[in-house]
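One structure is given here, and the rest of the page talks about it.
Numbering (our numbering), first residue to last: 150 to 302.
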């Protein structure tokens with residue numbers, strides 16, 4: 150069961166929303182809640198919500214945790230725990246300072262994913278590897294020390 154809400158709150162469970170309608174939800178909602186349970190590789194919808202300036206609640210799946218920083222740019226809740234999700238939503242609704250902090254930090258965080266920054270980094274990756282082509286060798290390729298990082302300009 151969900152806890153009794155302290156005031157009248159309209160909840161709307163939209164399900165799958167087409168890409169043309171989604172920005173309207175971001176613009177008019179008070180909290181964006183995505184309770185995915187599996188197979189989200191990155192969580193771009195979370196970045197879209199943050200870029201729209203809406204506080205985010207999301208689950209602690211590996212893909213989401215690459216962008217969600219609990220209590221900094223989102224509230225992160227355990228999988229398949231509707232009571233924790235409800236409490237997180239209520240916490241944001243009851244604490245305007247928390248909602249504002251999540252909004253501001255989310256807007257700051259998503260700047261690293263702007264296309265001008267990503268495009269510049271991708272151009273550099275291609276330039277660094279231009280003309281190298283596939284290598285033919287009997288020895289296996291060495292593993293990369295770390296994944297490619299997108300750095301702030």
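Even for Gly, the Cβ is constructed at its ideal location relative to N, Cα and C.
Nearest-angstrom Cα distance between residue 162 and residue 278?
Taking the straight line joining both Cα atoms gives about 46 Å.
Within this structure, are the beta carbons of residue 180 and residue 239 separated by less than 7 Å?
The answer is no: Cβ separation not under 7 Å.
Between which two residues does the beta strand (DSSP E) harbouring residue 224 extend?
224-226
Can you give me the Cβ contacts of residue 318 inside the same chain, cut-off strictly under 6 Å, excluding the 5 residues immediately before and after it?
Since the first residue shown for the chain is 150 and the last is 302, residue 318 is missing from the structure and cannot be characterised.
Give, in chain order, every unbroken run of the beta strand (DSSP E) that is at least 3 residues long and sits entirely within the segment 152-223.
181-183 and 205-208
Can you tell me which of the three DSSP states residue 280 falls into?
coil
Looking at the structure shown, is residue 230 part of a helix, part of a strand, or coil, going by DSSP?
coil
7 Å Cβ cutoff met for residue 226 and residue 217
no
Mapping DSSP to helix, strand and coil, what is residue 243?
Of the three classes helix, strand and coil, the one that applies to residue 243 here is helix, per DSSP.
On the criterion of 16 or more Cβ atoms from any shown chain inside 10 Å, does residue 204 qualify as buried, or is it exposed?
For residue 204, the number of other beta carbons within 10 angstroms of its own is at least 16, and it is reported as buried.
From the DSSP output, in three-state form, read off residue 263 for me.
coil
Note down, in chain order, each residue of its chain lying with its Cβ closer than 6 Å to the Cβ of residue 333, except the 5 sequence neighbours on either side.
The question about residue 333 has no answer, for the chain in this structure spans 150 to 302.
Close beta carbons around residue 165, own chain, < 7 Å, minus the five adjacent residues each side
none
Inter-residue Cα distance where the pair is residue 261 and residue 196:
10 Å
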